[in-house]
Amino acid sequence: MRKADLVSIISEKSGVPKVDVLVSLEMFFKEVKASLAGGENVFIRGFGSFVVKKRAKKIGRHIKKNVAIEIPEHYIPSFKPAKIFVDHVKLGKEPEGVYEEEGEE
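Going from the sequence shown to this note's numbering is simple: count from 1 and add 1.
Rendered as structure tokens:
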């Protein structure tokens with residue numbers, strides 16, 4: 002699935018114009034990137050966590066020149082899915098009793 006497909010699906014299911022969905026999605030991505038760049042993790046309950054992981058410095062090798070190079074310590078973004086997300090993917094459907102429809106009691 003591509004971003005355009007995701008925008009179309011959300012627009013169809015919610016009734017919100019595609020342009021508004023696209024703007025919201027882009028702002029979400031922008032804010033997640035900005036938070037991670039600032040060293041702040043993003044936690045979304047029921048979905049997962051976007052976290053920054055530190056990679057230690059190490060020795061690598063430039064293959065063409067056959068020379069050892071030092072790769073400095075650096076930070077990389079990582080995503081850790083929530084348990085409910087993992088269960089949803091494992092089952093291939095939404096776990097029962099997790100999300101209740103509005104109006105059901």
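Glycine included, every Cβ here is placed at the ideal spot set by N, Cα and C.
According to DSSP, residues forming a beta bridge with residue i
i, result
"Ala69", "Arg62"
"Ile45", "Gly49"
"Lys54", "Ile77"
"Pro18", "Looking at the DSSP assignment, Pro18 forms no beta bridge with any residue, so it has no partner."
Identity of the residue in the options nearest residue i by Cα
i, options, result
"Ser79", "Lys58, Phe51, Val68, Ile70", "Phe51"
"Arg56", "Ile72, Asp21, Ile10, Phe29", "Ile72"
"His75", "Val22, Lys58, Lys14", "Lys58"
"Leu37", "Lys4, Val53, Lys91", "Val53"
"Val90", "Val22, Ile60, Gly49, Ile77", "Gly49"
"Ile77", "Glu41, Lys94, Val68, Lys66", "Glu41"
First and last residue of the uninterrupted alpha helix (DSSP H) at residue i
i, result
"Lys84", "84-92"
Item to check | Three CB pairs or more closer than 8 Å across the stretch 42-58 and the stretch 69-87 | outcome: yes
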